[in-house]
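Working notes, beginning with the structure itself.
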Amino acid sequence: MASEGVSLPLIHDLKKGDCSGRLECVDHASESIVHPLHPIHSLRLLSRPYRGCDICGREIRGLSYNCETCGFDMDLYCAKYPPPEVIDMSETHPHKLTILKERIKFDCDDKCGRNVKGYPYKCHECELHFHVDCVWHPTELKHPLEVNHPYHALHPLKPLTARFPNYSDGKCRLCGSMVEDRLFYHCSSCNFTLGLCCIFKLPQPSLLNLKAHDHQLTLLPRLDSFTCNACGLKGDRSPYVCFQCGFMIHQDCLGLPRLININRHDHRVARTSVLGVVNSVCGVCRQKVDWTCGGFSCQRCPDYVAHSKCATRKDVWNGKELEGVPEEIEDIKPYVVIDDTTIQHFSHKEHYLRLHDNGFLCDDNKRCRACTHPICLQSFYGCMDCDFILHQNCAGFLKMKWHVLHNERLTLVTNETTAFWCDACSRVSNGFRYQHGAMIFDVLCGSISEPFVHPSHPDHPLYNISEDGGLKSCNGCKNKHYNTLRCIEDDCRFVLCFKCATLPQVIKHRVDDHPLSLCYGEEASDKFWCDICEKETNPETWFYTCKDHRASLHTMCVLGVNFGLMLKSTLIDDWDNRPYEVVLNNSVSRPFCSYCELRCIFPIILKRLGTSQKYCCSPYCAYWVIG
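In the UniProt record's numbering, the protein residues as written are 1 to 627.
Here's what the structure looks like:
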């Protein structure tokens, strides 16, 4: 067998050689196998990329064998060439090594020294353990030395276990993925390479997929530049083509869903073969869309379209195909209109709320129950029978909505008063929240949708463009963040973090008799000093200033860590269940913090219930205080 070319199925031919004790009854790309290192359950062939092989520890990037009961994963190489039960490595170790058939945690006694869980080789005389890859180098395996492949009939393919030749791009000719297997097959005459995934599981030579196209499609297994009609992106190899109408499609676009929800749009979007919207822009990446190609569009919003690849990104789509699933019509409006000035909000059904067009002059004690910010020169709804208050804007927050930072729909939670940390801005709050599972946003961050317009950048809207990843420097605080809102104009690099994007524009503080306004930074040669902490400020970052603009106050000093906490509410310390009341720091002399032993400068602080003098600057200090 070593001297003759063999035809596929490759694994079936391996059974003609010395495969006893390795794989039982394995046919080509068998859907299920029994492996000697995991004999208690059968293993199924699945696509489970970016997992580690439990035998060799290498990363799995394509097909693998998996045990649904135990979660055991094995890459194709270890499935095809199982490490022998006993090996003799007398050149480096005096005793034979036996592979363990149970998964343990061990320190490798070879030079790598890594501590991992796996199936090691063990020397029972020395009580030493070794990674499979550290001691077993399968250079003499009886794999076929030639493979006659149906998609490369000109020459046989030969196995390579070393690096790719310099002239090769290192990609599989059929699927286009980088070949990272320890064994692959290659034709040097034609520069034709196949990874084990395409050796094991051949793409169909022709198929009829009505979800992708109305006519039969044929695989064209060669290098050729083309534009995919399904996604509008370029391809360089092995498309499926329709010879009847010239349609061409990437192999991985064949499985595109038909009807989905994306977190950038309130309605379902459906896949279409031709978008047909001239001069359109993708609703996800904000780049131009080729209207002659396929993509996703909204049936309710004729101008809303998205690239196929953008709409199906993991950070945009939740992976659920909705074709055949009836759309639930839910009432997501937050209130019922009683008359021109009166509403009944779903969070306060016991009483009606009446609209007040003129807000208070920044009364700290009058705070919105949703965002917890003071009612400061803003219209608001006030309860006709109690002290319940909502900003007019906050009263309109929908009961359910999509958000750019999460790909499941969020629910507005109003009956929970425990404190939480917002996953967008990292601030603590106990007001209303948007939530799905463990993902929580305060209502200000949760209500942000695209396009977002901020007073600091009125000429262009901002978007969350998350595809490129990486940290971005915020124009407001100058700190770097992963989750940001950005201007997409070519000559503009304006970026805002969610914390700066939701800072109040006007706020009242005891340092001045007049409301303070948010200033968007300025260039200055002189030094600026904060009147609250008496430390120098950076005028290029955002700050609050008074009416005559003679003060520059740190935003943190003006608002404090506890600005999102509702006054007179109670917090319970998670460490020992000590209760704290949220109070105003409005006494003549500022109290000392029980933990940091400095005077509390924040406008809202925590007071230990049951005591008269124990205060904390923030939940951080409350957590660490002793006694």
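Ideal placement from N, C-alpha and C gives every residue a C-beta, glycine not left out.
Identify, in the order they occur along the chain, each residue of the same chain with its Cβ nearer than 7 Å to the Cβ of His155, setting aside the five sequence neighbours on each side. Cys187, Ser189 and Cys190
Once you ignore the five residues that flank Lys122 on each side, which residues in its own chain have a CB closer than 8 Å to its CB? Leu97, Thr98, Ile99, Leu100, Leu128, His129 and Phe130
Taking the alpha carbon of Gly276 as the point to measure from, which residue in Phe498, Gln344 and Tyr304 has its own alpha carbon closest? Tyr304
Ser558 by DSSP, collapsed to three states: which one? According to the sequence provided, residue 558 is Val. The question's Ser does not apply to it. It is helical.
Thinking C-beta only, is Gly560 closer than 7 Å to Phe602? yes
Val404: which of Arg264, Cys175, Ser618 and Cys519 sits nearest, CA to CA? Arg264
Would the stretch 281-301 count as touching the stretch 229-238 if we require 3 or more Cβ pairs under 8 Å? yes
Using a 10 Å radius around the Cβ and a threshold of 16 neighbouring Cβ atoms, would you call Met178 buried or exposed? exposed
Please state whether the Cβ-Cβ distance between His509 and Cys487 is less than 7 Å. no
Please confirm whether any heavy atom of the ligand MN lies closer than 6 Å to the CB of Lys349. Although the ligand MN was asked about, the structure shown includes no ligands whatsoever.
Backbone CA spacing between Thr372 and Trp529 [nearest angstrom]: 29 Å
Evaluate Ile465 with the Cβ neighbour count: other Cβ atoms within 10 Å of its Cβ, from every protein chain shown; 16 or more gives buried, anything less gives exposed. buried
Flag this pair as yes or no: are the beta carbons of Tyr185 and Leu157 separated by less than 7 Å? yes
Thinking just about the alpha-carbon of each residue, which of Lys211, Leu174, Pro205 and Leu208 is nearest to the one in Leu194? Leu174
Neighbourhood of Glu31 by C-beta distance below 7 Å, restricted to the same chain and skipping five residues each side: Arg44 and Leu45
So who's on the other strand from Thr545, going by DSSP bridges? Ser517
Is the number of C-beta pairs between the stretch 415-432 and the stretch 491-509 that are closer than 8 Å three or more? yes
Return the chain-ordered ranges of every alpha helix (DSSP H) run that is complete within the stretch 455-495 and spans a minimum of 4 residues. none
Between which two residues does the alpha helix (DSSP H) containing Asn415 stretch? Where Asn415 is concerned, there is no enclosing alpha helix (DSSP H), given that its DSSP letter is neither H nor E.
Quick check: what's the CA-CA separation for Thr69 versus Lys105? 20 Å
Could you work out which residue in Thr411, Leu410 and Gly431 is closest to Ala419 when comparing CA atoms only? Gly431
Pick helix, strand or coil for Cys70, following the three-state DSSP scheme. coil
Taking all protein chains shown into account, decide if Lys142 is buried (16 or more other Cβ within 10 angstroms of its Cβ) or exposed. Residue placement at Lys142 is poorly supported in this model, since its pLDDT is 48, which falls under 50; the coordinates still yield a value, given next. Lys142 should be labelled exposed.
Cβ pair Asp73, Ser64 closer than 7 Å: yes
Leaving aside the five residues before and after Asp88 along the sequence, list all residues of the same chain whose C-beta is less than 6 Å from its C-beta, in chain order. Lys96
I'd like to confirm the pairing. Which residues does DSSP put opposite Ala270 in its beta bridges? Leu259 and Ser297
Evaluate Cys616 with the Cβ neighbour count: other Cβ atoms within 10 Å of its Cβ, from every protein chain shown; 16 or more gives buried, anything less gives exposed. buried
Would you please verify whether the beta carbon of Leu584 is less than 7 Å from any beta carbon of chain C? No chain C appears in the structure shown, which is made up of a single protein chain.
Distance, Thr417 Cα to Ile605 Cα: 17 Å
Pairwise C-alpha distance: Pro94 and Ser473: 58 Å
Using only the alpha-carbon positions, how far apart do Ala438 and Arg409 sit? 13 Å
To the nearest angstrom, report how far apart Asn538 and Tyr381 are at their CA atoms. 38 Å
Of the residues Val269, Arg268, His307 and Cys301, which one's Cα is nearest the Cα of Val281? His307
Helix, strand or coil at Leu160 according to DSSP, with G and I counted as helix: strand
Just to confirm before moving on: does the CB-CB distance between His345 and Ala395 stay below 7 Å? yes
Distance CB(Val316)-CB(Ile262) smaller than 7 Å: yes
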